[in-house]
Structure formats: structure tokens, C-alpha cells
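Chains H and Z are the protein sequences, given in the same order.
Numbering-wise (our numbering), the first sequence opens with residue 543 and increments by one.
Numbering-wise (our numbering), the second sequence opens with residue 79 and increments by one.
Every residue gets a Cβ at the ideal spot worked out from N, C-alpha and C, and that includes glycine.
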Amino acid sequence: MLLEILEQNYLMHELAVTENILALALEAAQQANARRITAINLVIGDLSSFVDESVQFYFDLLSRGTIAEGAVLRFRREHAVAICRTCGHQFQVSPPLLPICPNCGDHYLEVKGGQGVAVDSIEVSDGDEAESSETGSQC
Amino acid sequence: MKLKVAKQVLSANDAVAAQNRARLDAAGILAVNLMASPGAGKTSLILATAERLPNAVPIGVIEGDLASRIDADLVAAHGIPVTQINTGGSCHLDAPMIQTALEQLPLEGIRLLFIENVGNLVCPAEFALGSHLSVVVASVPEGHDKPYKYPGMFARSDAVVLNKTDVLGVFDFDLAYFERGLRMVNPSAPLFVLSCRTGQGLDGWVTWLLHRLDDRAKPSIPTAS
Ligand SMILES: Nc1nc2c(ncn2[C@@H]2O[C@H](COP(=O)(O)OP(=O)(O)O)[C@@H](O)[C@H]2O)c(=O)[nH]1
Ligand SMILES: [Mg+2]
Ligand SMILES: [Zn+2]
């Protein structure tokens, strides 16, 4: 089976994360007696190591045969922010981090945020209804 | 219909990590999660540290590796209790793996437990193990840009070791640049600049570990009000 081959040869960290995403989504759907999960809204920090495409890839494999099969994964990136300790300028960063402040050129910076990986919400339907959530806003 | 979930994705791993922590605390063990690129010197640091610790601080080791037993055999050859986790391809250790490993170690005889994580600077820091301290080991030949490239790893560390300073003369390693990158994401973690080969700088690291052990041994002092 494809998953077993993957596990044995090339187990990326996104597999572990995606298993958890699916489990959290299924649990929430079950508690609400939902029949179908149409979308999962994720928040992923820019300093985390998880790559959207890779999560999507594993999700498509793992969700087969579950009520989340075919669900849309929406990734909202939680940005990390650098603050210049010299001039106070704030700007968005992602790895590799910029070593100097684009405003004053100094290199005493502090970086905050961008570390979480969370399931924010899921969108569900009862299965019979028209699936109206498909065009919902990006979280 | 939209359902709010608002849960950290790795909360299941975190829950097992909390159990591991409780287990370690009950046994009076301080656990240190060592993370680094392959070859940075994790195993060397464990062995060099073991040599310098007082006899009153017996250590144990959990070796995480993709497939081999090489490091575990090396550690065992020094008479240190060790257990090997072969992750079978996984690029990081996780809390359930540590739970199993703890079953296999003689915990009563250990005060300081080193967990050598899989050689990888990308993701191990995101998987809590239940250890008390996370330490990143970087090394001179890897270059001074590691904190800029892997900020998540350095941000989560309680201490950073820069190993292989004996070869500083051979590489164009800018220590100030490295440290600025570290301070961007982590203003407070102590940086230990050392060489496992020559032993230079190891005393500061060992002293810091002994202080962390002392901190644990003391009952927490209730804050006066
Ligand atoms: N020059 C030098 N080499 C070192 C030092 N520490 C470790 N090494 C060497 O680096 C290689 C990898 O070390 P090892 O401890 O196995 O790294 P690990 O993969 O992180 O566990 C070995 O050949 C060590 O002898 C050091 O301080 N200086
Ligand atoms: Mg090693
Ligand atoms: Zn500035």
C-alpha cells in the first residue's frame, strides 16, 4: 500500500502533522454529528517547518474513505514579524531571516510569532444539503 | 456550517509529552533534548559531558536515529545506559517514541538523561518530548547562517552549543553574525562556544547543566507576598 511504502522510505514530518489535522477534524465533526467535512481551515506559522503542499498531499491520501475525503484545506499563514531594536521598524519575515533592518540598516532585530500550527475551524454539511460553504471566505 | 476547533495540531503529542515529563519528574531525572544537523557533534557532546560530570550525576541516553545503532553502541561502550530508537525513516522523535524508550531504561540509576534527536534542523523542535531542556548544537563547519535559516529551531531552544571551535581558523565563520541571528529569535538562551575535540569551553556548559540539576532538586520557593 502506498502509505506503507511512504512510511518506510520517506516519512516527512508533514505526515505526522496531517494525521493529527485529520483526527482533530473528524473528532469535531463527529461531536456535531456532521456527515461530511467540506473544508478545514488551518493556521500555520511561517517559522514552522510545515509545507502546505506536503500537508495537502498527505491529507489526500489519509482522508480517503473518511467523511473528510475531498475536503478543501485552506492554509492561513501566521506571519512572523521582525522588530528593529534601533529604529522600531516592523516588517514581516520568513526564513531565511533578513539580517538587517530595511529601514535603518542596523542589525539588532527581534523576531516574534509565526510558530503555531493549529486547526482553526472546519466546515461541515449534513450530506443532503447543498454544499454552500465551498465558496466561504479564507477563514 | 462552520465549526470552531481552535486546537494546536500537535496537542496529542503534547499530551504524551506531559506524561513523559511527569514520569521523569517522579524519577528525579532532568532530561535534555539535543537537536542538531547530522554530524554537528551531538554524540561527541554527550560523551565529552559524561567525562566531566561528577560521579554523583549518572547519565542515561536515548539515541534517536533513522536506522543505525552506531551511536548507541558507542555510548554503551562508555558504560552509559542507553536505549536506541530507530525511527524507521521519520525525521524527528516524538513523545510516544520517548514513552517507549523510558520503559527500557533503568530510570532509578539516572539523574541526567540526554535524548539525541534525529540529525535534522528542520522539524524536531516542533515535537515536544517531555524533556526539561531543548538544546540546539550547531557547529563551525556548518556555517554561521543556521539561526537565519532555521529560526524556529533556535527560537525554541533553552541553550545553544556552538561546537568545533578548534576549526574556527579554517572556516570563515563569523561568530558575531551567528550570535546576532540567534538573538533575533531567542534573546535569552545561553550560548556555549566550545570544542568537544579539545575540551575548550566545555566547563561552562557542564556548570550550566549542573545548575539546572540543582534548580530541579530544590523545592520551588513560594513567592513572598
Ligand atoms: N574538529 C572537531 N570535530 C568534532 C568535534 N566534535 C565532534 N567532532 C567530529 O564530528 C563528527 C560528527 O560527530 P558526532 O558527535 O558523531 O555528531 P552527531 O551526528 O551530531 O552525533 C565526528 O567525526 C566527530 O569526531 C569538535 O569539537 N571538533
Ligand atoms: Mg550522533
Ligand atoms: Zn531599523
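By the three-class DSSP mapping on this structure, what secondary structure does residue i have?
i	result
H:V593	coil
Z:I148	helix
Z:E257	helix
H:F599	helix
Z:R294	helix
Z:T285	helix
H:S679	The pLDDT assigned to H:S679 is 42, lower than 50, so where the model puts this residue is not dependable; a value taken from the coordinates is nonetheless given after this. Coil.
Z:L88	coil
H:D688	In this structure chain H extends from 543 to 681, so residue 688 of chain H is not present and cannot be described.
H:Q657	coil
Z:F251	coil
Z:G221	coil
Z:K242	coil
Z:A93	helix
H:L604	helix
H:G632	Sequence inspection shows Gln at residue 632 of chain H; the Gly mentioned does not correspond to that position. It is a strand residue.
Z:R50	Because chain Z spans 79 through 303 in this model, residue 50 of chain Z falls outside it and cannot be assessed.
Z:R99	helix
H:E611	coil
H:A581	strand
H:A567	helix
H:A558	helix
Z:L280	helix
Using the C-alpha atoms, what's the distance from residue j back to residue i?
i	j	result
Z:I188	Z:I107	7 angstroms
Z:L102	Z:R130	23 angstroms
Z:G142	Z:A150	9 angstroms
Z:V263	Z:Q182	36 angstroms
Z:N91	H:V653	26 angstroms
Z:P116	Z:Y255	22 angstroms
H:L589	H:L651	16 angstroms
H:N645	Z:A93	43 angstroms
H:V506	H:R618	Only positions 543 to 681 of chain H appear in the structure, and residue 506 of chain H is not among them; the question remains open.
Z:E220	Z:T165	24 angstroms
What does residue i reach in chain Z if we use C-beta pairs closer than 8 angstroms?
i	result
H:S591	V200, C201, E204 and G230
H:S667	M79
Hey, is residue i close to ligand 1, as in C-beta under 8 angstroms from one of its heavy atoms?
i	result
Z:D151	no
Z:A173	no
Z:K120	yes
Z:N41	Outside the shown range of chain Z, which is 79 to 303, sits residue 41 of chain Z, and nothing can be said about it.
Z:R101	no
H:S605	no
Report yes if the C-beta of residue i is less than 8 angstroms from at least one heavy atom of ligand 2; otherwise report no.
i	result
Z:D143	yes
Z:G138	no
Whose Cβ in chain H lies nearer than 8 angstroms to the Cβ of residue i?
i	result
Z:D172	A558
For residue i, go through chain H and note every residue whose CB falls closer than 9 angstroms to its CB, in chain order.
i	result
Z:R258	P641, H649, Y650 and L651
Z:K82	A570, D662, S663 and I664
Z:A109	Under the 9 angstroms cutoff, chain H gives no residues; its nearest Cβ is about 21 angstroms from Z:A109.
Listing by chain order, which chain H residues have their CB less than 7 angstroms from the CB of residue i?
i	result
Z:V263	V653
Z:K227	P637 and P638
Z:Q177	Those within 7 angstroms of Z:Q177 in chain H number zero; the least Cβ separation is about 15 angstroms.
In chain Z, which residues lie with their C-beta within 9 angstroms of the C-beta of residue i?
i	result
H:H555	S168, C169, H170, N198, V200, C201, P202, E204 and F205
H:H563	Looking at the sequence shown, residue 563 of chain H is not His but Ile. Those are V87, listed as they occur along chain Z.
Any heavy atom of ligand 3 closer than 8 angstroms to the Cβ of residue i?
i	result
H:D648	yes
Consider the C-beta atom of residue i and the heavy atoms of ligand 4; say whether any pair is separated by less than 8 angstroms.
i	result
Z:C274	Absence of ligand 4 is noted for the structure shown, with ligand 1, ligand 2 and ligand 3 being the only ligands found.
Residues of chain Z with CB closer than 7 angstroms to the CB of residue i, please, in chain order.
i	result
H:A574	L81
Open item on the list: For a minimum of 4 consecutive residues, which ranges assigned as the alpha helix (DSSP H) are wholly contained in the segment 101-133 of chain Z?
Closed with: Counting whole runs of 4 or more residues, the segment 101-133 of chain Z contains the alpha helix (DSSP H) stretches 120-130.
Task: Entirely enclosed beta strand (DSSP E) segments - the segment 129-206 of chain Z, minimum 3 residues - done: Complete beta strand (DSSP E) runs here, min 3: 137-143, 160-164 and 190-194.
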